[in-house]
Amino acid sequence: MWQDLMAAGALVLVLEGILPFLNPRRYRETMQAITQFNDQTLRGIGLLSMAAGVGLLYFVRTFT
Numbered sequence: 660m661w662q663d664l665m666a667a668g669a670l671v672l673v674l675e676g677i678l679p680f681l682n683p684r685r686y687r688e689t690m691q692a693i694t695q696f697n698d699q700t701l702r703g704i705g706l707l708s709m710a711a712g713v714g715l716l717y718f719v720r721t722f723t
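Here the sequence shown is numbered in the numbering used here, starting from 660 and rising by one per residue.
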């Protein structure tokens, strides 16, 4: 269990680092644009992201 959690955390760090590594200028522009979103929009994006993650996790754990 703990190994899976640590592996998932490590994978998050790798994935989060890809875009700023490959295109830092575009990443910075995107982050600045996101600061202009209102709270409701950010919450909606967060909710969709969590739902996609839960759905993907369910799929992987069920069908593999």
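Beta carbons: idealized from backbone N, C-alpha and C, even for Gly.
inquiry  = Looking at the secondary structure, which residues open and close the alpha helix (DSSP H) in which F718 lies?
reply    = Here the question's residue 718 lines up with position 59 in the sequence shown. 698-722 is the extent of the alpha helix (DSSP H) around F718.
inquiry  = Looking at chain D, is there any beta carbon in it that lies within less than 8 Å of the beta carbon of D698?
reply    = The chain labelled as chain D is not found in the depicted structure, where only one protein chain is given.
Rounded straight-line distance, which links the Cα of G714 to that of N697 = Locating residue 697 in the sequence shown gives position 38, where the first residue counts as 1. Locating residue 714 in the sequence shown gives position 55, where the first residue counts as 1. Those two C-alpha atoms are separated by around 26 Å.
message = Once the 5 residues before and after L678 are set aside, which same chain residues still bring their CB inside 7 Å of it?
response = In the sequence shown, residue 678 corresponds to position 19, counting from 1. For L678, where only same-chain residues beyond five positions count, the Cβ hits under 7 Å are Y686.
message = So for T689, helix, strand or coil by DSSP?
response = Here residue 689 refers to the residue found at position 30 when the sequence shown is read from its first residue. Reduced to three states, the DSSP call for T689 is helix.
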